[in-house]
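Numbering (my numbering), first residue to last: 7 to 95.
Reviewing the structure listed below.
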Amino acid sequence: PSGSEPATKIVINLERLQQLPADKVGPLARYAAAIQSQRGDYNGKVLSIRAEDLRSLAIIYDMSPGELTDQLIEWGVLPPEARPGNPVG
Ligand code: C2E
Ligand code: C2E
Ligand code: C2E
7 PSGSEPATKI VINLERLQQL PADKVGPLAR YAAAIQSQRG DYNGKVLSIR AEDLRSLAII
67 YDMSPGELTD QLIEWGVLPP EARPGNPVG
C-alpha cells in the first residue's frame, strides 16, 4: 500500500502549518520557508508549490508521494480536495 494518488495541485495552508509541532512538520516548514524566500512571497496565507517538490518532500519523509498527500490532508495542511479523484476537487 502506497497511499492514495499524490496531490496534483499543492496549495499549503501556511497558518495551519505554523500551528503544528515542529517535530512533525519541521522539514516541510523549512522547505516552505525556503520557497517563500526564493520567491520573495511572504504575505500569503497559502503557498502553491510544484508537484516536483511533493516528490522531494516524500523522499525526506520516507513516504510515497501518495502517502505524504494523505498525511498532509490529515494534518490539515492540504485541503481534502487536493486528493485527485475527490469529486470536490
Ligand atoms: P526559476 O525556476 O528559474 O524560475 C524563474 C521564474 O519563473 C520564477 O521566479 C517565476 O516567476 C517563474 N516560474 C517558474 N515556474 C513557474 C510556475 O510553475 N508558475 C509560475 N506562476 N511561475 C513560474 P520566482 O517566483 O521569483 O522564483 C525564483 C526562483 O526560486 C525559481 O527560479 C526557483 O529556483 C525558486 N523557486 C520558486 N518557487 C519554487 C518552488 O515552488 N519550488 C522550487 N523547487 N523552487 C522554487
Ligand atoms: P487560485 O490559484 O485559486 O489562487 C487563489 C488565491 O490563493 C490567490 O489569489 C492568492 O491570494 C492565493 N495563493 C495561491 N497560491 C499562492 C502562493 O503561492 N502565494 C501567495 N502569496 N498566495 C497564493 P490571487 O493572487 O488573486 O489569484 C487569483 C487567481 O489568479 C488564482 O486562483 C489563479 O487562478 C490566478 N493566478 C494567480 N497567480 C497565478 C500564477 O502564478 N499562475 C497561474 N496559472 N494562475 C495564477
Ligand atoms: P501554475 O503557475 O498555475 O503552473 C501550473 C503548471 O504549469 C506548473 O505546475 C508547471 O507544470 C507548469 N509551469 C508553469 N510555469 C512554468 C515555467 O515557467 N516553467 C516550467 N517548466 N513549467 C511551468 P507545478 O510545477 O506543479 O507548479 C504548481 C504551482 O506552484 C504553479 O501553478 C505556481 O502557482 C506555483 N509555482 C511553481 N513554481 C513556481 C515559481 O518558481 N514561482 C512562483 N511564483 N510560483 C511557482
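Where a beta carbon is used, it is the ideal one built from N, C-alpha and C, also for glycine.
If you're wondering where the values come from, they're calculated on a predicted model, not measured in any experiment.
Opposing strand residues paired with residue i [DSSP bridges]
i          : result
residue 54 : 17
Span of the alpha helix (DSSP H), counted from its first residue to its last, around residue i
i          : result
residue 80 : 71–81
residue 84 : Where residue 84 is concerned, there is no enclosing alpha helix (DSSP H), given that its DSSP letter is neither H nor E.
residue 32 : 28–45
Proximity below 8 angstroms, CB of residue i to CB of residue j
i           : j          : result
residue 13  : residue 89 : yes
residue 136 : residue 33 : With the chain covering only 7 through 95, there is no way to say anything about residue 136.
residue 53  : residue 18 : yes
residue 10  : residue 76 : yes
residue 55  : residue 16 : yes
residue 20  : residue 46 : no
residue 35  : residue 23 : yes
Any residue whose CB is nearer than 5 angstroms to a heavy atom belonging to ligand 3, listed in chain order: 45, 54, 56 and 57
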